[in-house]
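Below: the structure, in structure tokens.
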Amino acid sequence: MKPDIAQDHFSLFGLAPAYVLDAAALDGAYREIQSRVHPDRYAAAGEAEKRASLQWTTRVNEAYRTLKDPVQRARYLLELRGVDAGFETNTTMPPAFLMRQMELREALEAAADARDLDALAQQLAGERAALQAALAVKLDAEGDNTAAAGLLRELQFLARFGEDIDNAYAALEA
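All letters in the sequence shown, in the order written, are residues 1 to 174 by this note's numbering.
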């Protein structure tokens with residue numbers, strides 16, 4: 001039960017490396033692997049086996065979380081392809097998207113109640129779905145990693161903005 005640290009996340013779960021994946025297959029593979037490597041199964045084992053079980057569990061959980069999340073999955077795919085998207089240093093965005101960011105921020109600031117936030121959240125969900133679809137085309141169909149990296153930066157903003165909406169809901173309830 002030695003973890004193969006070099007094995008990529010997709011291979012670990014028996015999936016092809018692609019942005020669009022079979023969520024049910026991922027969930028099933030995750031449960032199957034966890035049932036074999038979970039530390040509870042090795043409670044009476046030696047220290048080496050317990051340590052290996054913990055390493056496997058950590059590795060499987062990390063891989064699962066990465067593949068489950070659309071933003072992390074896209075980022076991971078780009079990393080696998082050797083693409084340095086420069087997320088920390090390259091903050092250049094198309095002017096139209098920068099304007100969209102400002103519009104969204106203004107709409108959030110203007111939201112007076114849960115109904116306003118609901119409308120904004122619904123709008124955001126539509127934009128995220130459209131970006132994820134475009135990202136799937138760039139990553140899976142066209143293999144255009146440069147364009148995918150740009151779309152991923154936009155998707156990351158929308159994910160963070162979704163958190164801001166959640167925080168605004170929480171502030172309304174406080």
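Glycine included, C-beta positions come from ideal geometry on N, C-alpha and C.
Report buried or exposed for residue i, applying the criterion of at least 16 other Cβ atoms within 10 angstroms of its Cβ.
i	result
L139	buried
A148	buried
R51	exposed
A114	exposed
A25	exposed
A112	exposed
Suppose contacts are defined by Cβ-Cβ distances below 8 Å. Is residue i in contact with residue j by that definition?
i	j	result
Y64	Y30	yes
V71	L15	no
L124	F161	yes
S53	Y42	yes
L21	A74	no
L78	N145	yes
Measuring only the C-alpha atoms, how far is residue i from residue j?
i	j	result
M102	K68	29 Å
E49	I33	16 Å
F157	E109	17 Å
N167	A159	13 Å
Exercise for the section: Give, in chain order, every unbroken run of the beta strand (DSSP E) that is at least 3 residues long and sits entirely within the region 71–105. Expected result: none
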